[in-house]
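Chemist:
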Amino acid sequence: ISAFIVGVSLHYKKIVQNEWYGYPEEWFPSVSATIGDKYPERSFFMLFIAITSGPRFALVGLWYLLTRKPGQTLPKFIFTMGIFRTLTCGGFTYVTSTDDHQRHDIFMISYIVATLPWTIGCVALSPPNPKAIRYRKIIASSFFGTLVPLIYFFIQHKVHRVPGAYTTYAFFEWSLILFDVAFDAVTAYDFRTFQVIIKDVQGASKGIIAGSDTTSTAMAATLFYITRSPAALQKATEEIRSKFSDVEEIHQGQTLNSCSYLRACVDEAMRLSPS
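Using my numbering, read the sequence shown as starting at 12 and increasing by one per residue.
(1) To the nearest angstrom, report how far apart residue 272 and residue 52 are at their CA atoms.
(2) Beta-carbon within less than 7 Å of residue 122's beta-carbon, same chain only, minus the 5 sequence neighbours each way: which residues are those?
(3) Between the region 163 to 170 and the region 132 to 140, do at least 3 Cβ pairs fall closer than 8 Å?
(4) How big is the Cα-Cα spacing for residue 180 and residue 275?
(5) Just to confirm my understanding: we take residue 24, look at its own chain, exclude 5 residues before and 5 after, and list those with CB closer than 8 Å. What are they?
(6) With a floor of 4 residues, list each alpha helix (DSSP H) that falls wholly inside the region 63 to 116, ordered by position along the chain.
(7) From 240, 44, 65 and 82, pick the residue whose C-alpha is nearest to that of residue 115; which is it?
(8) What do you reckon, are the CB atoms on residue 187 and residue 164 nearer than 8 Å?
(9) Taking the alpha-carbon positions, what's the residue 79 to residue 18 distance?
(10) Quick test of your reading: residue 140 and residue 191, contact by CB under 8 Å. State the CB separation rounded to the nearest angstrom.
(11) Could you check if residue 93 is buried or exposed, using at least 16 other CB atoms within 10 Å of its CB as the buried criterion?
(12) Using the C-alpha atoms, what's the distance from residue 243 back to residue 253?
(13) Nearest CA to the CA of residue 16: which residue from 197, 195, 55 and 277?
(14) How about residue 182 and residue 151: are their beta carbons less than 8 Å apart?
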């Protein structure tokens, strides 16, 4: 959107120009012309694509973790398609139509083709969230429905050289971008119930849980619940005494993390008192 605004403001007549016609026959710029023909709009688009590449890869990875099931190959295939389409997005972004029109088109077509199985697969793998499923189906139908007039008007422009056909094509091309972004945004509804936990499994930290606020909360909750159960307190005490011969040794992360029962008590306390 930023590239479009900058491009229209600075180079309107230049970016609506194509190989056959210019303004006023053509009056709306295509995606390729907007992101690849002129500076600085090209740089704006490249910058924001670079910024969003990390979240795009993260979304693909998290979606795989959310939908994978033992014995199923579809989540792996959709994960592969997600990675591939993200790479091809970088392809048509950094290989502009001005630099190499043929390779730019190959990357963009590959992105659209990879989006088809990605979209269908995400709908098929959707968790039982009625709102997310409904939105996915609506956006996916709009995306696929847009492809038909997109191809039609591109042929009208490229083959039959119809004045104004490329402007109409550009509207459908921009619509695909918006539908694509909206489709991936729906995952926010599914990720509301998805939790990512970063755990120090090697014992590199000096405590069971890193961070002063988190540590104090964990310890307070653990002491509160464990002191209410004499049996649990006795078992945790015996485990600690068997692991450490001196109180000074307790700061050793690897040994402390080997206290499996104490860790279980901490995890349960954090579950019961997450805040």
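Idealized CB from N, CA, C, for every residue including glycine.
Modeler: This is what the structure gives:
(1) The count along the sequence shown starts at 1 and reaches residue 272 at position 261. The count along the sequence shown starts at 1 and reaches residue 52 at position 41. Rounded to the nearest angstrom, the two C-alpha atoms are 58 Å apart.
(2) Your numbering for residue 122 matches position 111 in the sequence shown. Excluding residues within five positions, the ones whose Cβ falls inside 7 Å are 96, 99, 100 and 103.
(3) no
(4) By 1-based counting over the sequence shown, the position of residue 180 is 169. By 1-based counting over the sequence shown, the position of residue 275 is 264. About 60 Å.
(5) As a first step, residue 24 must be located in the sequence shown, where it is residue number 13. Excluding residues within five positions, the ones whose Cβ falls inside 8 Å are 33 and 34.
(6) 85 to 105
(7) Start at 1 with the first residue of the sequence shown, and residue 115 comes out as number 104. Among 240, 44, 65 and 82, the Cα nearest to that of residue 115 belongs to 44.
(8) Looking up residue 187 in the sequence shown gives position 176. Looking up residue 164 in the sequence shown gives position 153. Going by C-beta atoms, residue 187 is not nearer than 8 Å to residue 164.
(9) Numbered from its first residue, the sequence shown carries residue 79 at position 68. Numbered from its first residue, the sequence shown carries residue 18 at position 7. Cα to Cα, the separation comes out at about 42 Å.
(10) Taking the first residue of the sequence shown as 1, we reach residue 140 at position 129. Taking the first residue of the sequence shown as 1, we reach residue 191 at position 180. Between residue 191 and residue 140 the Cβ distance is about 20 Å, and since that is not below 8 Å, they are no contact.
(11) Here residue 93 corresponds to residue number 82 of the sequence shown, with the count starting at 1. The residue is buried, with at least 16 neighbouring Cβ atoms inside 10 Å.
(12) The sequence position of residue 253 within the sequence shown is 242, counting from 1. The sequence position of residue 243 within the sequence shown is 232, counting from 1. Roughly 15 Å between the two C-alpha positions.
(13) Working through the sequence shown from its first residue, we reach residue 16 at position 5. Nearest C-alpha to residue 16: 55.
(14) Residue 182 sits at position 171 when you count from the first residue of the sequence shown. Residue 151 sits at position 140 when you count from the first residue of the sequence shown. No, Cβ-Cβ distance for residue 182 and residue 151 is not below 8 Å.
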